[in-house]
């Protein structure tokens, strides 16, 4: 939670003794942050999107959605490239095994 605070993703309240107060809305926000991080979005995009996410999915900006789509497209391209590399290695291993026996 402190990491999210350091990244500017959450701003917890404080008790009079200085301890952090994580209210339910902060906990809900952390769950959204974790979900977005697990989906692979960079912190920069998450930080930009959070104000809109507080208002629900309809409040997310079109610019944010374009950036997420662009990120997703780059990820798909990387996956395709890795799949091609995997297929090439599989072919090499098949040929190498045939030659070895």
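Residue numbers (UniProt numbering): 1 to 101.
Just so you know, even glycine gets a beta-carbon here, dropped at the ideal spot from N, CA and C.
Tell me the residue span of the alpha helix (DSSP H) that contains residue i.
i	result
residue 64	62-100
residue 32	24-38
residue 5	2-6
Going by C-alpha distance, which of the options is nearest residue i?
i	options	result
residue 4	78, 37, 24	37
If you measure between the beta carbons of residue i and residue j, is that distance less than 8 Å?
i	j	result
residue 12	residue 21	yes
residue 68	residue 41	yes
_Three Cβ pairs or more, each shorter than 8 Å: is that satisfied between the region 84-100 and the region 37-52?_
no
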